[in-house]
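Asker: FYI, in the working numbering the residues of the sequence shown are 961 to 1566.
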Amino acid sequence: MSPEVRRRRRARGWRRIRRQLKDHPRAAAAAGVGVLLVLFGIWCGFRAWTVAHDLSQVARESEIMKAALLRGDASGARTALDRMQVAASRADSHTGGPTWAVLEHVPVFGDDARGIQTVSSVLDDLGRDGLPPVVGAAQQVTGNSFQPRDHRFPLARIAALQEPARRSEQVFAQAAVRLDGVDSSGFVGPFRSRFDELRSLVGVARSSLGSAYRAAEMMPSLLGEHGPRSYLLVLENNAELRSLGGLAGSVSLVHADHGVVHIVRQDDVAHLEGVKNVPPLPLKPDEKRLFGPLLKEAAVDATMTPDTGRAADMIRARWQLVEGGHVDGVFFVDPVAVSYLLQGLGPVSVPPYGPVGSWNVVQGVENQIYLSTPDVNQQSDYQNAVARAVFNVFADGHGDPVTAIRGLARGVAEGRIRMHSFVPEDQRSIAGTAIAGEFPTTPTIHPQAGVYLNDSTESKMSYYLQYSASLASRSCGDGIQDGAGYLSLTSATPSDLSSLPTSVTGVGDPVRGIAKGQQYVVVYLTSPIDGAIASLTIDGRTVEDPALVDFARRQVAGIGVNLAPGSTHTISWVMRSGIRQTGSWQLAVTPGSAPGTQSRTIPSAC
């Protein structure tokens, strides 16, 4: 067919279409609207695809920035932040204007469009105002400007962190409020899960920034900016478990004055017994019911209570009774937290013993020293030497500051580093943060459950204890949640008990039916405040009418478990929250000798 013929046919076709449109104006209008709708649909689809692409880039750059911050690469974090800011700003601009306003009223997709607009706006705010101070602070930290030198901490530089941390916390708090105001129940599945994940991450970041702000605000005061301070640094031994983590062992008196910090005296908490029948502090009625006389008679058992402040009270009172002097606060640290710190410090020489590092300090302090000698004084001397050597290397400014700070933060997050101050303004600064380790009696919307483990054999066998705990919220009604929990306990004790000395195994207790080398663990299960333990099962057998004790407005079940080498026992339970406790569950579990934590946050069923 020639080009001229094709041209004539096209002309005839257009004349025919024009006659039809002229003869049928309604059809012409409908066709025009249809074309416009198709074009608008294509435009909306393109706009939605663009926003999705931008938000995906925000997520990628956020992960890159997080990884860079964790490895101490401030320059890489800044580059990722710059790219994230551009993508977030683009997404925010694309979800404004008339096109997106129309999408927000489209059936089915409308609520998702409104959610995407909120997410885009929130991420733009965070990228512009919330994250730059964090990255800026990271640049200062990685520049070694915050490391101590010769036991002197840079108070002015630490104080300078307050304002950027405060600004970031404020922006993240506003973001959390905006995200909490969105009902995500109607979102399509994938977007709902990503939205809920973002809401949770923003909440965690807000809490972390709040802790950073309080730490920067409080640290100069703790370090003696306004006058000398004295603290007790207690090394807990997870090889003999107590509710807070471990038996209170090595204790160091730390003196701080205008940023200069030194250990001035060391002892063993066991030497603070004084006169056993004259305890420096009386027990509260609920403490007497739950713990009996041990809590008041032995300073090493002060950590039987899961309340950091109360344990600090007891150890301070013992120290002042036996040693005298003034104490401004107590720090509790376990060897696993020390191993995290050593990842940043590197190997540390411990004269006259061998070096310790992140790979062997837990084994050395909790097991090897007891295998090596039955002499309790030598055991105490070694643990004091480790505490002193690691403290001195840290205070001298050695190692990688980013990795060291990250290790300390991990120790706090896992409940392995706790602190209580007897200076009211300092304690107010840490109230509500992880390091405070509070055991509150005032309920919130979050039901708080606890699994606290205590060795009852006067041995160091908890080093061989393996355990895992879980909890799930299974129902919600009338503002009350039911949570089902599970605890597995396994004795990984060597099968050849003859290889273990009495300094590890203890002597057993025939009266209670505990043979040498067995572990007898007392588990305290605590319900949420104003809640209850509804049922209890041990190794598949239901416990009828379990003995429950009221403690700090909670119901507590004390369960004794006898573990022979290689054996496993299980405990399961159902507990009920108090009324109006509809938020996520918070499960606290005693930290042990293995790295990591069993404590966790569990989604609400409400």
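Note that beta-carbon positions come from the ideal geometry of N, C-alpha and C, so glycine has one too.
Please tell me whether S1487 and A1429 are closer than 8 Å, where the distance is taken between their beta carbons.
Answerer: Not a contact, by the Cβ cut-off of 8 Å.
Asker: State the Cα-Cα distance for the pair V1325 and L1195, rounded to the nearest angstrom.
Answerer: Distance between the alpha carbons of V1325 and L1195 is about 10 Å.
Asker: Can you tell which of A1452, L1121, T1528 has its C-alpha closest to the C-alpha of A1199?
Answerer: Out of A1452, L1121, T1528, A1452 has the C-alpha closest to the C-alpha of A1199.
Asker: Whole angstroms is fine: what's the gap from V1279's alpha carbon to L1232's?
Answerer: Reading off the sequence, residue 1279 comes out as Trp, not Val. Using only the alpha carbons, I get a separation of about 6 Å.
Asker: When we look at the beta-carbon of P1188 and count the other beta-carbons within 10 Å, is it buried (16 or more) or exposed?
Answerer: It counts as exposed.
Asker: Do I1223 and R1348 have their CB atoms nearer than 8 Å?
Answerer: Going by C-beta atoms, I1223 is nearer than 8 Å to R1348.
Asker: Mind reading off the beta-carbon distance from I1519 to L1485? Whole number of angstroms is fine, and I expect it under 8 Å.
Answerer: Rounded, the Cβ-Cβ distance is 7 Å, consistent with contact.
Asker: Could you pull the start and end residues of the beta strand (DSSP E) that N1414 belongs to?
Answerer: Per DSSP, N1414 belongs to the beta strand (DSSP E) from 1408 to 1415.
Asker: For G1439, which option in P1407, L1457, V1464 has the closest C-alpha, if you only look at C-alpha atoms?
Answerer: Ranking P1407, L1457, V1464 by Cα distance to G1439 puts P1407 first.
Asker: Which stretch, first to last residue, makes up the beta strand (DSSP E) that contains F1191?
Answerer: Rather than Phe, the amino acid found at residue 1191 in this sequence is Tyr. Segment 1189 to 1197, the beta strand (DSSP E) holding Y1191.
Asker: Counting only the same chain and skipping the five closest in sequence on each side, list residues whose C-beta sits under 6 Å from that of G1359.
Answerer: The answer, listed in chain order, is G1304, L1305, G1306.
Asker: Should K1420 go down as buried or exposed, given a rule of 16 or more other Cβ atoms within 10 Å for buried?
Answerer: Result: buried.
Asker: Taking the straight line between their C-alpha atoms, what separation do you get for H1286 and V1142?
Answerer: Approximately 51 Å between the Cα atoms of the pair.
Asker: In the DSSP assignment, find the alpha helix (DSSP H) that holds T1268 and state where it starts and stops.
Answerer: Taken as a continuous stretch (DSSP letters only), the alpha helix (DSSP H) holding T1268 covers 1268 to 1282.
Asker: Using only the alpha-carbon positions, how far apart do A1512 and W1545 sit?
Answerer: So the two alpha carbons sit approximately 18 Å from each other.
Asker: DSSP state of L1431, grouped into three classes?
Answerer: In this structure, L1431 counts as strand in the three-state DSSP scheme.
Asker: For V1316, does the count of other Cβ atoms within 10 angstroms reach 16, so buried, or fall short, so exposed?
Answerer: When all chains shown are included, V1316 counts as buried.
Asker: When the Cα of D1335 is compared with those of V1464, G1543, L1523, P1295, which residue comes out closest?
Answerer: Comparing Cα-Cα distances from D1335 to each of V1464, G1543, L1523, P1295, the minimum goes to V1464.
Asker: So is Q1479 buried or exposed if we call it buried at 16+ other beta carbons inside 10 Å?
Answerer: So Q1479 counts as buried.
Asker: Going by C-alpha to C-alpha distance, which of I1405, C1566, G1209, A1475 sits closest to D1490?
Answerer: Ranking the options by Cα distance to D1490, first place goes to I1405.
Asker: For V1221, which three-state DSSP category applies?
Answerer: Strand at V1221.
Asker: Using C-beta distances below 7 Å, list every residue in its chain close to L1115, excluding the 5 sequence neighbours before and after it, in chain order.
Answerer: Excluding positions up to five away in sequence, the list reads P1180, L1183, E1185, G1219.
Asker: Using DSSP's beta-bridge definition, name the partner residues of N1522.
Answerer: According to DSSP, N1522 bridges with Y1480.
Asker: Using the C-alpha atoms, what's the distance from G1500 back to Y1446?
Answerer: Using only the alpha carbons, I get a separation of about 11 Å.
Asker: Please list, in chain order, all residues of the same chain as D1246 whose beta carbon is under 7 Å from its beta carbon, the five residues on each side excluded.
Answerer: D1510, F1511, A1512.
Asker: Hey, could you find the ends of the alpha helix (DSSP H) L1449 is sitting in?
Answerer: L1449 -> not in any alpha helix (DSSP H); beta strand (DSSP E) instead, spanning 1440 to 1451.
Asker: Take S1049 as the anchor and find which of R1038, G1087, P1361 has the nearest alpha-carbon.
Answerer: Taking only the C-alpha atoms, the option nearest S1049 is G1087.
Asker: Taking 6 Å as the limit between beta carbons, can you name the residues of its chain near D1356, skipping five residues before and five after?
Answerer: Excluding positions up to five away in sequence, the list is empty.
Asker: For T1550, which of helix, strand or coil comes out of DSSP?
Answerer: If DSSP states are grouped into helix, strand and coil, T1550 belongs with coil.
Asker: How would you label V1137, buried or exposed, when you count the other beta carbons within 10 angstroms and need 16 or more for buried?
Answerer: Counting Cβ neighbours within 10 Å, V1137 comes out exposed, since fewer than 16 surround it.
Asker: Given this structure, state the Cα-to-Cα distance separating S1433 from S1564, to the nearest angstrom.
Answerer: Straight-line Cα distance between these residues: approximately 6 Å.
Asker: For T1265, name the three-state secondary structure that DSSP assigns.
Answerer: Note: T1265 maps to coil in three-state DSSP.
Asker: Between A1364 and the rest of its own chain, which residues show a CB-CB distance below 8 Å, the 5 nearest in sequence each way excluded?
Answerer: Same-chain partners within the cutoff: L1301, Q1303, G1304, L1305, F1354.
Asker: Within the same chain, show all residues whose beta-carbon is closer than 6 Å to that of Q1515, passing over the 5 residues directly before and after it, in chain order.
Answerer: S1487, A1492, I1493, L1508, listed in sequence order.
Asker: Once you ignore the five residues that flank P1461 on each side, which residues in its own chain have a CB closer than 8 Å to its CB?
Answerer: The residues are Y1330, L1331, P1334.
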